[in-house]
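Enquirer: Numbering (full-length UniProt numbering), first residue to last: 1 to 430.
We put the CB at the ideal spot given by N, CA and C, even for glycine.
Since this is a predicted model, take the numbers as computed values, not measurements.
If you scroll down you'll find the structure; I have some questions about it.
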């Protein structure tokens, strides 16, 4: 196994982070083991660091990051390996991690620095393909939910809104109401539609949110030649950065055209859409109803039996995916789900959540304003990242949040003003 101490902490630069991990890119001397890689480290909440240290078992810090086994043994059964990053474990050391944190912490967003940091107790991290390095444009998109739910198990209070307005758009309304940033002009159902005009409209919505948030919105991040690009430095996205030959609107149009072309040329969005939809046939409302039948209690929306289930381990996921991908799939009646299949539905929902929360990296040529419509000469690739297994304890939180999102939208947005999100996979009336 590689040892991170073969490099210096100052050989790594902060790239980005999500809720559970933080990513650094190798910028040190050329070394075949580390060049073109990023270091992916686990985070820990600042206020929980000491208590977590006391409660964790001695072997926890020595375990490989579960994402490696999860990808190689599970995800590759449903996502072709060419669309996944290469991953390998690397040995960590506490003093080295402290030095890295000291060098790079100031580059993190302030709101992140205030709540969590690198888990210094971890003995193993992950080296992954560096998807932003090179003379290219690299675009990170967090697409989110690809479909409207089946109405079968929805309540009277939520059915009308959840079958008209997608989860992301309703959640955006709630975020704005609470004073948070949201990509209100972006609808993921457009991005997943497969229709050129709708995909371009989705990309335009992401760009607008990226500009209005000064690049802080987490649904779109842009990198050029390995460095993050902000709305004030968009010319760095160009092959020719002469300011006399470019204006922001021309760059925006070229970006939308190039990214739309790359997305439509790849099967990745369709793969994610199919997986999200197939793995969530009941909606969280239907899953909660099934859990209550299995042993509900008045104090629990999900049922005591469901809440008591341990997190699935790798063997559970392997068994589940073997069943899911089998030619002899379980004969499931989603309209009348059986308690016999409760565990299957729960794991399916957790895995659907993984695909709803993932990101994609699109690597493509730097923009050429002199040839905005080129296609045959341009090249691009798409990689799916942030495919974390979700814990069972999230289910109760998701149920509560789902209810808050749908009920707030139903109560506060007049029927005539509700957004109509079009699911391309559903038959359209009229």
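Between the segment 187-197 and the segment 103-110, are three or more C-beta pairs nearer than 8 Å?
Expert: Cβ pair count under 8 Å is below three, so no.
Enquirer: Taking the alpha-carbon positions, what's the residue 28 to residue 34 distance?
Expert: Roughly 9 Å separates the two Cα atoms.
Enquirer: What is the rounded straight-line gap between the Cα of residue 173 and the Cα of residue 182?
Expert: Whole-angstrom Cα-Cα distance: 8 Å.
Enquirer: Who does residue 324 pair with in a DSSP beta bridge?
Expert: Partner(s): none; residue 324 has no beta bridge.
Enquirer: Is residue 388 near the ligand GDP, going by C-beta to nearest heavy atom under 8 Å?
Expert: You won't find the ligand GDP in this model; it holds no ligand whatsoever.
Enquirer: Three-state secondary structure (DSSP) at residue 192?
Expert: Three-state DSSP puts residue 192 in coil, outside helix and strand.
Enquirer: Distance, Cα to Cα, residue 231 vs residue 225?
Expert: Approximately 16 Å, taken between the alpha carbons.
Enquirer: For residue 3, which residues does DSSP report across the bridge?
Expert: Note: residue 3 sits in a beta bridge opposite 91.
Enquirer: Considering only DSSP beta bridges, list what residue 11 is partnered with.
Expert: Paired residue(s): none; residue 11 is not in a bridge.
Enquirer: Can you give me the C-alpha to C-alpha distance between residue 149 and residue 241, rounded to a whole angstrom?
Expert: When rounded, the distance between both Cα atoms is 45 Å.
Enquirer: With three or more beta-carbon pairs closer than 8 Å as the criterion, would you say the segment 122-141 touches the segment 244-251?
Expert: In short, these stretches do not touch, since the Cβ pair count stays below three.
Enquirer: Near residue 353, what residues of its chain come up, given a Cβ to Cβ distance below 6 Å and the 5 sequence neighbours on each side ignored?
Expert: Excluding residues within five positions, the ones whose Cβ falls inside 6 Å are 390.
Enquirer: DSSP three-state call for residue 125: helix, strand or coil?
Expert: Strand, per DSSP.
Enquirer: At the level of alpha carbons, what is the spacing between residue 8 and residue 133?
Expert: For residue 8 and residue 133, the distance between alpha carbons rounds to 19 Å.
Enquirer: Which same chain residues end up closer than 8 Å to residue 135 when comparing Cβ atoms and leaving out the 5 residues on each side of it in sequence?
Expert: Excluding sequence neighbours, residue 135 sits near 225, 366.
Enquirer: Just mark residue 335 as buried or exposed, buried being the case when its beta carbon has 16 or more other beta carbons within 10 Å.
Expert: Result: exposed.
Enquirer: Would you report the Cα separation of residue 165 and residue 32, rounded to the nearest angstrom?
Expert: Roughly 49 Å between the two C-alpha positions.
Enquirer: In angstroms, rounded to a whole number, what distance separates the CA positions of residue 82 and residue 222?
Expert: Between residue 82 and residue 222, the C-alpha separation is close to 22 Å.
Enquirer: How is the alpha helix (DSSP H) around residue 445 delimited, first residue to last?
Expert: It is not possible to answer for residue 445, since the shown part of the chain is limited to 1 through 430.
Enquirer: Are residue 387 and residue 79 closer than 9 Å when you measure CB to CB?
Expert: Contact: yes.
Enquirer: Are the CB atoms of residue 220 and residue 384 within a distance shorter than 9 Å?
Expert: In this structure, residue 220 does not lie closer than 9 Å to residue 384 by Cβ.
Enquirer: Would you kindly report the start and end of the unbroken beta strand (DSSP E) that includes residue 364?
Expert: Note, residue 364: beta strand (DSSP E), 359-364.
Enquirer: Within its chain, find whatever has a CB closer than 6 Å to the CB of residue 311; leave out the 5 residues flanking it on each side and keep chain order.
Expert: Excluding positions up to five away in sequence, the list reads 391, 392.
Enquirer: So who's on the other strand from residue 44, going by DSSP bridges?
Expert: Looking at the DSSP assignment, residue 44 forms a beta bridge with 117.
Enquirer: For residue 258, which of helix, strand or coil comes out of DSSP?
Expert: If DSSP states are grouped into helix, strand and coil, residue 258 belongs with the helices.
Enquirer: Would residue 10 be called buried (16 or more neighbouring beta carbons within 10 Å of its own) or exposed?
Expert: Classification for residue 10: exposed.
Enquirer: Which partner residues does residue 381 have in the DSSP bridge list?
Expert: According to DSSP, which records beta bridges pairwise, residue 381 is partnered with 363.
Enquirer: Hey, residue 4 and residue 125: beta-carbon distance below 9 Å or not?
Expert: Yes.
Enquirer: So, under 8 Å CB-CB, residue 203 and residue 268 are touching, yes? Tell me the CB distance rounded to an integer number of Å.
Expert: Actually they are not in contact, since the Cβ atoms of residue 203 and residue 268 sit about 15 Å apart, beyond 8 Å.
Enquirer: Which residue from 394, 317, 216 puts its Cα closest to that of residue 308?
Expert: Comparing Cα positions, the closest option is 394.
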